[in-house]
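Colleague: According to the numbering used here, the sequence shown holds residues 10 to 175 in order.
Virtual Cβ for every residue (Gly too), placed ideally from N, Cα, C.
Structure provided below as C-alpha coordinates; questions to follow.
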Amino acid sequence: MVPSALYQKLLDLSKKHADPASLEEILAIRSPDAIHAWGHRYLVTRNPLLGDRMDNEAFKAHLCSTGPYLGDGTNKVHSITIDEHQRTSVVHMSYFLQAAKAEEVVEQDLIWTLKFTEDEDVDKILIKETVEFIDAAASSRLGEIIRSIHGEVTEDVRGGITLRGF
(Lines of atoms letter the chains of each structure in order from A; the text may use other names.)
(Lines give C-alpha, C1' and ligand atoms only; values in the text may rest on other atoms or scores of the structure.)
Protein backbone atom coordinates (compact mmCIF):
# COMPACT_ATOMS: atom_id res chain seq x y z
CA MET A 10 0.00 0.00 0.00
CA VAL A 11 1.35 3.39 -0.97
CA PRO A 12 1.47 5.88 1.92
CA SER A 13 -0.70 8.98 1.63
CA ALA A 14 0.86 12.35 0.82
CA LEU A 15 0.09 13.48 4.39
CA TYR A 16 1.77 10.41 5.92
CA GLN A 17 4.83 10.91 3.71
CA LYS A 18 5.08 14.61 4.63
CA LEU A 19 4.87 13.89 8.39
CA LEU A 20 7.46 11.12 8.01
CA ASP A 21 9.81 13.37 6.01
CA LEU A 22 9.53 16.17 8.58
CA SER A 23 10.12 13.70 11.42
CA LYS A 24 13.25 12.36 9.72
CA LYS A 25 14.58 15.86 9.03
CA HIS A 26 13.97 16.82 12.65
CA ALA A 27 15.77 13.72 13.91
CA ASP A 28 18.76 14.19 11.63
CA PRO A 29 18.87 17.76 10.30
CA ALA A 30 21.50 18.65 7.73
CA SER A 31 22.03 22.01 9.45
CA LEU A 32 20.71 24.45 12.00
CA GLU A 33 18.97 26.28 9.16
CA GLU A 34 17.15 23.09 8.13
CA ILE A 35 15.80 22.31 11.60
CA LEU A 36 14.53 25.88 11.94
CA ALA A 37 13.04 25.89 8.41
CA ILE A 38 10.79 22.89 9.15
CA ARG A 39 9.28 24.58 12.23
CA SER A 40 6.25 26.87 12.11
CA PRO A 41 6.91 30.51 13.09
CA ASP A 42 5.08 29.95 16.40
CA ALA A 43 6.58 26.51 17.15
CA ILE A 44 7.39 25.55 20.74
CA HIS A 45 10.07 23.23 22.13
CA ALA A 46 9.84 21.68 25.60
CA TRP A 47 11.27 18.84 27.66
CA GLY A 48 9.59 15.94 29.43
CA HIS A 49 9.24 14.05 31.85
CA ARG A 50 7.16 16.27 34.10
CA TYR A 51 8.86 15.18 37.37
CA LEU A 52 12.32 15.78 35.90
CA VAL A 53 11.34 19.13 34.40
CA THR A 54 9.67 20.49 37.55
CA ARG A 55 12.81 19.77 39.58
CA ASN A 56 15.32 21.13 37.06
CA PRO A 57 14.56 24.76 36.15
CA LEU A 58 16.93 24.78 33.17
CA LEU A 59 14.62 22.24 31.51
CA GLY A 60 11.40 24.03 32.44
CA ASP A 61 11.37 26.83 29.90
CA ARG A 62 9.13 26.31 26.89
CA MET A 63 11.12 27.71 23.99
CA ASP A 64 9.98 29.59 20.93
CA ASN A 65 12.10 29.26 17.78
CA GLU A 66 14.50 32.00 18.80
CA ALA A 67 15.12 30.40 22.21
CA PHE A 68 15.36 26.94 20.61
CA LYS A 69 18.03 28.25 18.21
CA ALA A 70 19.88 29.87 21.13
CA HIS A 71 19.74 26.54 23.01
CA LEU A 72 21.24 24.66 20.07
CA CYS A 73 23.93 27.31 19.58
CA SER A 74 24.81 27.46 23.30
CA THR A 75 25.31 23.70 23.66
CA GLY A 76 27.22 23.26 20.41
CA PRO A 77 30.60 24.53 21.66
CA TYR A 78 30.62 21.89 24.41
CA LEU A 79 30.00 18.96 22.06
CA GLY A 80 32.26 17.22 19.59
CA ASP A 81 31.08 15.55 16.43
CA GLY A 82 28.54 12.86 17.16
CA THR A 83 26.33 10.46 15.31
CA ASN A 84 22.75 9.43 15.74
CA LYS A 85 20.48 6.54 14.95
CA VAL A 86 16.73 6.58 14.49
CA HIS A 87 15.27 3.40 15.99
CA SER A 88 11.64 4.00 15.00
CA ILE A 89 9.16 6.63 13.87
CA THR A 90 5.45 6.27 14.46
CA ILE A 91 3.08 8.55 12.54
CA ASP A 92 -0.54 9.37 13.42
CA GLU A 93 -2.07 11.15 10.43
CA HIS A 94 -5.38 11.85 12.13
CA GLN A 95 -3.79 13.57 15.13
CA ARG A 96 -0.96 15.00 13.00
CA THR A 97 1.66 13.74 15.42
CA SER A 98 4.71 11.54 15.37
CA VAL A 99 6.89 9.82 17.93
CA VAL A 100 10.57 9.42 17.18
CA HIS A 101 12.67 6.97 19.20
CA MET A 102 16.33 7.63 18.56
CA SER A 103 19.80 7.78 20.04
CA TYR A 104 22.34 10.57 19.86
CA PHE A 105 25.88 9.32 20.45
CA LEU A 106 27.32 12.40 22.12
CA GLN A 107 30.87 13.27 22.94
CA ALA A 108 32.05 16.26 24.89
CA ALA A 109 34.52 18.38 22.93
CA LYS A 110 38.06 17.15 23.71
CA ALA A 111 36.80 13.92 25.34
CA GLU A 112 37.01 10.29 24.27
CA GLU A 113 33.97 8.85 26.06
CA VAL A 114 30.80 8.63 23.98
CA VAL A 115 27.49 8.83 25.83
CA GLU A 116 24.36 7.37 24.25
CA GLN A 117 21.39 9.69 24.75
CA ASP A 118 18.48 7.31 24.09
CA LEU A 119 15.44 9.55 23.80
CA ILE A 120 11.91 10.04 22.57
CA TRP A 121 10.69 13.06 20.60
CA THR A 122 6.99 13.80 20.27
CA LEU A 123 6.19 16.08 17.36
CA LYS A 124 2.96 17.91 16.51
CA PHE A 125 2.33 19.36 13.08
CA THR A 126 0.37 22.31 11.70
CA GLU A 127 -3.16 21.83 10.36
CA ASP A 128 -2.49 23.24 6.87
CA GLU A 129 -4.69 21.68 4.20
CA ASP A 130 -1.94 22.06 1.62
CA VAL A 131 0.36 19.16 2.53
CA ASP A 132 3.41 21.02 1.19
CA LYS A 133 2.85 23.80 3.76
CA ILE A 134 2.77 21.55 6.85
CA LEU A 135 5.44 22.32 9.44
CA ILE A 136 6.32 21.21 12.97
CA LYS A 137 4.45 23.24 15.60
CA GLU A 138 5.60 21.51 18.81
CA THR A 139 8.49 19.32 19.89
CA VAL A 140 8.84 17.66 23.27
CA GLU A 141 12.13 15.95 24.06
CA PHE A 142 12.03 13.13 26.62
CA ILE A 143 15.68 12.72 27.57
CA ASP A 144 17.62 10.09 29.50
CA ALA A 145 18.54 12.04 32.63
CA ALA A 146 21.39 9.68 33.54
CA ALA A 147 23.02 10.02 30.12
CA SER A 148 22.56 13.80 30.18
CA SER A 149 24.03 14.03 33.66
CA ARG A 150 27.04 11.94 32.65
CA LEU A 151 27.67 14.06 29.56
CA GLY A 152 27.40 17.22 31.67
CA GLU A 153 29.86 15.75 34.17
CA ILE A 154 32.39 15.10 31.39
CA ILE A 155 31.88 18.60 29.96
CA ARG A 156 32.40 20.25 33.36
CA SER A 157 35.56 18.19 33.99
CA ILE A 158 37.06 19.53 30.74
CA HIS A 159 35.53 22.99 30.32
CA GLY A 160 34.44 23.97 33.83
CA GLU A 161 30.91 25.19 34.44
CA VAL A 162 28.72 25.76 31.40
CA THR A 163 27.66 29.33 30.70
CA GLU A 164 24.39 30.66 32.16
CA ASP A 165 22.63 30.67 28.79
CA VAL A 166 22.92 26.88 28.38
CA ARG A 167 19.67 24.93 28.67
CA GLY A 168 18.99 21.24 28.32
CA GLY A 169 20.26 17.93 29.53
CA ILE A 170 23.90 18.86 30.00
CA THR A 171 22.84 21.08 32.91
CA LEU A 172 21.61 18.06 34.91
CA ARG A 173 23.63 16.70 37.84
CA GLY A 174 23.64 13.61 40.01
CA PHE A 175 21.54 11.09 38.11
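Whose C-alpha, out of E141, G168, D130, L72, is nearest the C-alpha of L123?
Modeller: Selected option, being the one with the closest Cα: E141.
Colleague: Any idea if M10 is buried or exposed, counting beta-carbon neighbours within 10 angstroms, 16 or more meaning buried?
Modeller: It counts as exposed.
Colleague: What are the start and end residues of the alpha helix (DSSP H) that includes L79?
Modeller: Here L79 belongs to no alpha helix (DSSP H), and DSSP marks it neither H nor E.
Colleague: Assign S13 to one of three DSSP states: helix, strand, or coil.
Modeller: Correct three-state label for S13: coil.
Colleague: So what's N84 in DSSP terms, helix, strand or just coil?
Modeller: Looking at N84 - three-state DSSP - the assignment turns out to be strand.
Colleague: Quick check on A30: does DSSP put it in helix, strand or coil?
Modeller: Coil.
Colleague: If you run the structure through DSSP and keep just helix, strand and coil, what is E127?
Modeller: The answer is coil: DSSP assigns E127 none of H, G, I, E or B.
Colleague: Which same chain residues end up closer than 8 Å to I44 when comparing Cβ atoms and leaving out the 5 residues on each side of it in sequence?
Modeller: So the qualifying residues of the chain are R62, M63, D64, K137, E138, T139.
Colleague: Report the start-end ranges of each beta strand (DSSP E) in the region 124-163 that is 3 residues or longer and not cut off at the edges.
Modeller: Counting whole runs of 3 or more residues, the region 124-163 contains the beta strand (DSSP E) stretches 136-142.
Colleague: Below 8 Å on the Cβ atoms is my contact criterion, and I expect E116 with A145 to pass it. Report the Cβ-Cβ distance as a whole number of Å.
Modeller: Between A145 and E116 the Cβ distance is about 13 Å, and since that is not below 8 Å, they are no contact.
Colleague: With DSSP collapsed to three states, give me the class of L20.
Modeller: Helix at L20.
Colleague: Looking only at C-alpha atoms, which of F68, R50, N84 sits nearest to V100?
Modeller: When each option's Cα is compared against that of V100, the closest is N84.
Colleague: Could you tell me the distance, in whole angstroms, from the CA atom of D128 to the CA atom of I134?
Modeller: Cα to Cα, D128 sits roughly 6 Å from I134.
Colleague: Just to confirm, is the Cβ distance from P77 to A109 under 9 Å?
Modeller: Yes.
Colleague: Looking at the ligand HEM, does it come within less than 8 Å of V114, judged from the CB to the closest heavy atom?
Modeller: This structure simply doesn't include the ligand HEM, nor any ligand for that matter.
Colleague: Give the straight-line distance between the Cα atoms of S103 and G82, rounded to the nearest whole angstrom.
Modeller: Their Cα atoms are separated by approximately 11 Å.
Colleague: Compute the Euclidean distance between the alpha carbons of S31 and G60, then round it to the nearest angstrom.
Modeller: Rounded to the nearest angstrom, the two C-alpha atoms are 25 Å apart.
Colleague: Taking the beta strand (DSSP E) that H45 falls in, what are its first and last residues?
Modeller: 39-48 is the span of the beta strand (DSSP E), which, as asked, contains H45.
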